[in-house]
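Those letters in the sequence shown? Residues 20 to 528, per the working numbering, in order.
Where is the CB? At the ideal position from N, CA and C, for every residue including glycine.
Written out below as structure tokens is the structure these notes cover.
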Amino acid sequence: MSRVAIKGSAYCLEHVPQLGLHYGNTPYTAGEGEKEYLQALPKHLQTYEQAKGYAPNMTYIGALPLEDLDAQPTPMYQNYNLEAPRFGTYGEIMPEDEFLGLLDICDVFDLIWLEKDFAASVREKLSKHELITESILARLEAGHDRAEIEEYLKSSDHTQVLPLYFDGKVVGMARAAHAVDDNLFAHVLLENLASKAGSVLALLHLLRNTGLKPEEVDFVIECSEEGAGDACQRAGGNFAKAIAEIAGCVNASGCDVRGFCAGPVNAMINGASQVAAGARKNVVVLAGGAIPKLYMNSRDHVKKDMPALEDCLGSFAILITPCDGVSAEMRLDVLGKHSVGAGASPQAVTQALTWEPLQKAGLTFADVDKFGAELHIPEITEPAGAGNVPLANIKMIAALAVMKKSIEKKDMMTFVKEKGLHGFAHTQGHIPAGAPFIGPAADWIKEGKINRAMIIGKGSLFLARLTNLADGASFLLEKPAPVAAAVSKDDIKSLLLESLSEIAADLKK
Numbered sequence: 020m021s022r023v024a025i026k027g028s029a030y031c032l033e034h035v036p037q038l039g040l041h042y043g044n045t046p047y048t049a050g051e052g053e054k055e056y057l058q059a060l061p062k063h064l065q066t067y068e069q070a071k072g073y074a075p076n077m078t079y080i081g082a083l084p085l086e087d088l089d090a091q092p093t094p095m096y097q098n099y100n101l102e103a104p105r106f107g108t109y110g111e112i113m114p115e116d117e118f119l120g121l122l123d124i125c126d127v128f129d130l131i132w133l134e135k136d137f138a139a140s141v142r143e144k145l146s147k148h149e150l151i152t153e154s155i156l157a158r159l160e161a162g163h164d165r166a167e168i169e170e171y172l173k174s175s176d177h178t179q180v181l182p183l184y185f186d187g188k189v190v191g192m193a194r195a196a197h198a199v200d201d202n203l204f205a206h207v208l209l210e211n212l213a214s215k216a217g218s219v220l221a222l223l224h225l226l227r228n229t230g231l232k233p234e235e236v237d238f239v240i241e242c243s244e245e246g247a248g249d250a251c252q253r254a255g256g257n258f259a260k261a262i263a264e265i266a267g268c269v270n271a272s273g274c275d276v277r278g279f280c281a282g283p284v285n286a287m288i289n290g291a292s293q294v295a296a297g298a299r300k301n302v303v304v305l306a307g308g309a310i311p312k313l314y315m316n317s318r319d320h321v322k323k324d325m326p327a328l329e330d331c332l333g334s335f336a337i338l339i340t341p342c343d344g345v346s347a348e349m350r351l352d353v354l355g356k357h358s359v360g361a362g363a364s365p366q367a368v369t370q371a372l373t374w375e376p377l378q379k380a381g382l383t384f385a386d387v388d389k390f391g392a393e394l395h396i397p398e399i400t401e402p403a404g405a406g407n408v409p410l411a412n413i414k415m416i417a418a419l420a421v422m423k424k425s426i427e428k429k430d431m432m433t434f435v436k437e438k439g440l441h442g443f444a445h446t447q448g449h450i451p452a453g454a455p456f457i458g459p460a461a462d463w464i465k466e467g468k469i470n471r472a473m474i475i476g477k478g479s480l481f482l483a484r485l486t487n488l489a490d491g492a493s494f495l496l497e498k499p500a501p502v503a504a505a506v507s508k509d510d511i512k513s514l515l516l517e518s519l520s521e522i523a524a525d526l527k528k
């Protein structure tokens with residue numbers, strides 16, 4: 020089995036406050052008794068400039084180094100950098116109007132309608148985007164008359180059509196693809212297209228970041244939490260090929276991998292195994308965000324008179340290739356898994372995903388420089404009573420390290436500080452589950468800042484009501500050993516001739 024490496028990564032955010040306000044699950048399902056919350060929420064929305072200047076968002080796209088995030092003044096939502104760039108080393112924060120344009124570009128069944136003037140405005144903006152090629156831009160529709168859209172909205176119910184907003188105004192609509200199949204109702208297709216569009220944006224940045232041509236992509240694995248299908252197969256797929264199509268990856272195939280928050284790590288192991296086996300030349304693992312999770316904790320944000328921070332969809336893309344001796348290596352012999360019989364307690368899950376794979380490889384907690392698990396932004400989760408999730412994770416690992424006598428109890432907080440990470444990812448389920456640290460970890464290893472990092476994903480399978488079991492997987496990234504030089508045909512010929520000459524000389528004796 021060959022060794023594999025993380026060749027590059029991309030991370031993007033799509034700032035979509037209006038999509039969240041109207042179709043995020045919490046505000047959308049708020050009852051009659053919550054009028055005060057619903058009336059107050061619009062006053063707590065961040066502007067694009069604020070979202071762009073929010074330190075964790077800057078870190079996610081690579082506009083603020085992860086190692087500098089801890090030093091930012093708090094609360095970070097009161098200390099925006101209003102001069103922050105749109106683009107970072109990994110990706111960008113795309114404004115909502117351009118994302119609606121990208122949504123239309125990714126629609127191949129005429130499900131997204133944009134108003135003419137809005138479509139023209141978006142076309143002009145996207146034409147200046149360095150990653151939106153002419154062939155991609157050509158997919159953007161010319162638009163529809165406002166009167167036509169308004170009539171459609173008046174004559175159809177919410178299952179068949181949903182208005183699309185920008186700056187509080189209707190600028191288009193999302194249509195259903197079937198009159199009675201609720202798998203093809205407007206809200207489902209809008210969610211799926213938004214996830215697809217975010218993935219396309221991340222994939223375009225990945226191609227730019229790595230120098231890989233679209234036609235060189237061999238296989239794509241999509242690992243979001245969305246389901247695409249119809250009444251006969253509710254999650255038949257295939258997001259991966261749909262995304263590859265828009266990005267121009269004409270030689271790629273692909274499939275979808277699911278596992279709630281554990282999906283990305285399982286997808287990484289899946290993709291890396293294919294590359295290691297020689298089945299694929301390279302594999303891209305990617306995912307877009309989830310509209311229903313927008314403003315998920317906004318009730319508490321409004322109560323505490325703070326900005327409603329969950330206004331961005333997250334997306335990422337990772338390129339896995341054969342090991343080159345330079346890029347961070349992904350160890351396929353150091354994999355954690357949460358087995359059926361492992362137990363569901365936090366301690367049992369942590370042991371299965373950290374201690375057990377390390378022990379099998381002859382390593383200890385001390386051999387890992389950083390652990391990246393659930394990297395939620397603390398300022399989002401703490402007001403809602405969920406605490407600092409990344410801190411809780413690294414404390415659990417530290418406690419396990421004490422139990423296994425890897426460290427002394429007095430050294431726990433030193434362990435936490437040195438090996439933990441500040442959360443910088445939105446509460447988008449699969450998005451913060453280890454995946455955001457793959458890029459920075461690979462870069463730190465390549466730069467010699469660290470030698471090893473463990474990426475951890477954990478999933479709550481009970482949400483689907485099939486089992487009460489938890490799920491989880493992990494893998495190790497480390498500095499690669501030198502790659503042995505390949506033996507050429509000329510080398511083989513030379514060796515054969517040399518051997519034959521020696522045999523001939525012996526026969527003459």
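Query: Per the DSSP calculation, F238 is bridged to which residue(s)?; Result: S272, V302
Query: Which partner residues does F390 have in the DSSP bridge list?; Result: M473
Query: When you compare only the Cα positions, how much space is there between V189 and R227?; Result: 34 angstroms
Query: Would you list, in sequence order, the uninterrupted beta strand (DSSP E) runs of no fewer than 3 residues that lie entirely inside the region 343-399?; Result: 348-356, 389-391
Query: What span of residues does the beta strand (DSSP E) with S334 cover, start to end?; Result: 331-341
Query: Taking the alpha-carbon of T373 as reference, which of V294, G467, M473, H445 has the nearest alpha-carbon?; Result: M473
Query: Alpha carbon to alpha carbon, what distance is there between R350 and G191?; Result: 47 angstroms
Query: Cβ atoms of E244 and G217: under 8 angstroms apart, would you say?; Result: no
Query: Quick test of the definition: if touching needs 3 or more C-beta pairs under 8 angstroms, does the region 101-117 touch the region 191-208?; Result: no
Query: Does V303 pass the burial test, meaning 16 or more other C-beta atoms within 10 Å, or should it be called exposed?; Result: buried
Query: Check whether the Cβ atoms of L222 and L305 lie closer than 8 angstroms to each other.; Result: yes
Query: Hey, how far is the Cα of A483 from the Cα of R142?; Result: 40 angstroms
Query: Over the uninterrupted alpha helix (DSSP H) stretch that includes R227, give me the two end residues.; Result: 205-229
Query: If the criterion is Cβ atoms closer than 8 angstroms, does the pair F185 and L119 meet it?; Result: yes
Query: DSSP three-state label for A518, please.; Result: Looking at the sequence itself, residue 518 is Ser, so the reference to Ala does not match. Helix.
Query: Give the secondary structure of C125 by DSSP, where H, G and I count as helix, E and B as strand, and everything else as coil.; Result: coil
Query: Check whether the Cβ atoms of G308 and E111 lie closer than 8 angstroms to each other.; Result: no
Query: So within the region 394-448, which uninterrupted beta strand (DSSP E) runs reach at least 3 residues, ignoring any that extend past its ends?; Result: none
Query: Are the beta-carbon atoms of K2 and F494 separated by less than 8 angstroms?; Result: Nothing about residue 2 can be read from this structure; the chain reaches only from 20 to 528.
Query: Can you tell me the Cβ-Cβ gap for N285 and A492, rounded? I've got them flagged as a contact below 8 angstroms.; Result: 5 angstroms
Query: Of the residues E51, H320, K414, which one's Cα is nearest the Cα of M432?; Result: K414
Query: Can you give me the start and stop residues for the alpha helix (DSSP H) that K26 sits inside?; Result: First-last for K26: 23-34, but that is the beta strand (DSSP E), not the alpha helix (DSSP H).
Query: What is the rounded straight-line gap between the Cα of L398 and the Cα of P455?; Result: The sequence shown places Glu at residue 398, not Leu. Between E398 and P455, the C-alpha separation is close to 17 angstroms.
Query: Confirm, please, whether the CB-CB distance from H445 to E329 is below 8 angstroms.; Result: yes
Query: In or out: F279 buried (at least 16 other Cβ within 10 Å) or exposed?; Result: buried
Query: For the region 80-100 against the region 352-368, do three or more pairs of beta-carbon atoms, one drawn from each stretch, fall closer than 8 angstroms, so that the two count as touching?; Result: no
Query: Within the same chain, show all residues whose beta-carbon is closer than 8 angstroms to that of K135, passing over the 5 residues directly before and after it, in chain order.; Result: A161, G162, H163, D164, R165
Query: Classify S520 as buried or exposed, calling it buried when 16 or more other Cβ atoms lie within 10 Å of its own Cβ.; Result: exposed
Query: Touching or not, the region 25-43 and the region 77-88, by the rule of three or more beta carbon pairs under 8 angstroms?; Result: yes
Query: Report the rounded CA-to-CA distance for Y67 versus C331, giving the unit in angstroms.; Result: 10 angstroms
Query: Round the Cβ separation of A461 and S346 to the nearest angstrom and send it over; I've been treating them as touching at under 8 angstroms.; Result: 7 angstroms
Query: Could you tell me which of G467, M325, L338 sits nearest to K62, measuring between CA atoms?; Result: M325
Query: Looking at the strands, I want to know which residues DSSP matches up with Q252.; Result: D249
Query: According to DSSP, is A82 helix, strand or coil?; Result: coil
Query: Helix, strand or coil for A261? Go by DSSP, reduced to three states.; Result: helix
Query: Could you check if V207 is buried or exposed, using at least 16 other CB atoms within 10 Å of its CB as the buried criterion?; Result: buried
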